[in-house]
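Numbering (our numbering), first residue to last: 184 to 428. Backbone N, C-alpha and C fix where the C-beta goes; we use that ideal spot for every residue, glycine too. The model shown is predicted, which means the values in this text are computed figures rather than measured ones. Below is one structure, written out as structure tokens; the observations come after it.
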């Protein structure tokens with residue numbers, strides 16, 4: 184019954200989601216051309232707020248839990264599990280004061296209104312997942328960028344989305360490169376639950392009534408032993424992932 188209802192509701196969601204991308208694209212362009220990064224950044228934050236609101240049409244709700252006072256004058260490396268593309272708007276919105284930047288595949292750098300423009304001009308990096316050496320170098324550039332500008336990098340070390348909410352093993356190379364290039368960064372593990380349920384049927388129709396939850400785990404200082412640090416980060420992220428149980 185829910186899937187049948189979703190066939191009716193999903194087109195309205197896609198219209199709202201698409202309109203957000205189309206409307207904000209020229210606003211981003213103008214803000215960036217006139218004011219540079221300082222103009223682009225608040226527009227991107229508002230865009231992602233409205234992208235979240237468009238999912239409310241599907242009955243999606245969001246809860247962001249952060250019991251820690253995260254510094255705004257220090258770079259952050261945000262490490263999280265990855266369940267769907269719908270992880271990204273709440274990460275950008277709820278972490279907006281930390282200027283989150285992403286490691287994204289190069290295919291997203293063109294052709295998508297609003298999204299491609301922000302990825303190219305907003306400080307994120309685009310990687311060729313078929314060229315591991317080049318990808319690691321680009322991730323290193325992102326680490327140096329956040330170290331210099333005191334911003335944050337978001338990385339999904341699983342490397343691909345979980346289709347059922349169950350965490351995949353971390354692929355540590357990219358995360359280690361960030362840790363090396365941004366040694367003063369505070370590591371912020373975040374556990375995401377239930378965003379996979381938005382795409383439980385695939386891209387069409389959408390899942391209804393998903394209760395997306397994001398929880399910030401205990402921040403971790405980088406003390407230099409990267410192998411042990413990656414294990415600690417992975418354990419922290421996975422400890423808060425329970426939507427697959």
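Would you identify the three-state DSSP class for residue i, choosing helix, strand or coil?
{"i": "residue 228", "result": "helix"}
{"i": "residue 248", "result": "strand"}
{"i": "residue 351", "result": "coil"}
{"i": "residue 285", "result": "strand"}
{"i": "residue 253", "result": "coil"}
{"i": "residue 272", "result": "helix"}
{"i": "residue 198", "result": "helix"}
{"i": "residue 295", "result": "coil"}
{"i": "residue 243", "result": "coil"}
{"i": "residue 336", "result": "strand"}
{"i": "residue 263", "result": "strand"}
{"i": "residue 367", "result": "coil"}
{"i": "residue 290", "result": "helix"}
{"i": "residue 404", "result": "strand"}
{"i": "residue 427", "result": "In this prediction, residue 427 scores a pLDDT of 46, lower than 50, which makes its location untrustworthy; no coordinate-derived value is stated."}
{"i": "residue 438", "result": "There is no way to answer for residue 438, as the model of the chain reaches only from 184 to 428."}
{"i": "residue 391", "result": "coil"}
{"i": "residue 341", "result": "coil"}
{"i": "residue 209", "result": "helix"}
{"i": "residue 279", "result": "helix"}
Looking only at C-alpha atoms, which of the options sits nearest to residue i?
{"i": "residue 249", "options": "405, 407, 193, 396", "result": "396"}
{"i": "residue 414", "options": "359, 424, 394", "result": "359"}
{"i": "residue 434", "options": "307, 349, 187", "result": "Because the chain spans 184 through 428 in this model, residue 434 falls outside it and cannot be assessed."}
{"i": "residue 253", "options": "229, 282, 244", "result": "282"}
{"i": "residue 298", "options": "200, 246, 373", "result": "200"}
{"i": "residue 258", "options": "322, 272, 332, 352", "result": "332"}
{"i": "residue 409", "options": "366, 374, 185, 186", "result": "366"}
{"i": "residue 241", "options": "193, 326, 372, 227", "result": "193"}
{"i": "residue 247", "options": "417, 412, 394", "result": "394"}
{"i": "residue 315", "options": "279, 344, 357", "result": "357"}
{"i": "residue 291", "options": "309, 363, 305, 280", "result": "309"}
{"i": "residue 401", "options": "293, 407, 418", "result": "418"}
{"i": "residue 330", "options": "350, 368, 351", "result": "368"}
{"i": "residue 363", "options": "392, 326, 295", "result": "326"}
{"i": "residue 231", "options": "255, 219, 206, 251", "result": "206"}
{"i": "residue 348", "options": "405, 272, 422", "result": "422"}
So, under 8 Å CB-CB, residue i and residue j are touching, yes? Tell me the CB distance rounded to an integer number of Å.
{"i": "residue 287", "j": "residue 302", "result": "6 Å"}
{"i": "residue 324", "j": "residue 342", "result": "Going by Cβ atoms, the distance from residue 324 to residue 342 rounds to 19 Å, so no, they are not a contact pair."}
{"i": "residue 381", "j": "residue 238", "result": "7 Å"}
Do residue j and residue i have their beta-carbon atoms positioned less than 8 Å apart in this structure?
{"i": "residue 379", "j": "residue 300", "result": "no"}
{"i": "residue 403", "j": "residue 370", "result": "yes"}
{"i": "residue 189", "j": "residue 389", "result": "yes"}
{"i": "residue 372", "j": "residue 424", "result": "no"}
{"i": "residue 223", "j": "residue 203", "result": "no"}
{"i": "residue 375", "j": "residue 264", "result": "yes"}
{"i": "residue 284", "j": "residue 335", "result": "yes"}
{"i": "residue 275", "j": "residue 228", "result": "yes"}
Does the beta carbon of residue i come closer than 8 Å to any beta carbon on chain C?
{"i": "residue 317", "result": "In the structure shown, chain C cannot be found, because there is only a single protein chain."}
In the DSSP output, what is residue i paired with across the bridge?
{"i": "residue 327", "result": "Residue 327 pairs with nothing; no bridge assigned."}
{"i": "residue 376", "result": "396"}
{"i": "residue 308", "result": "286"}
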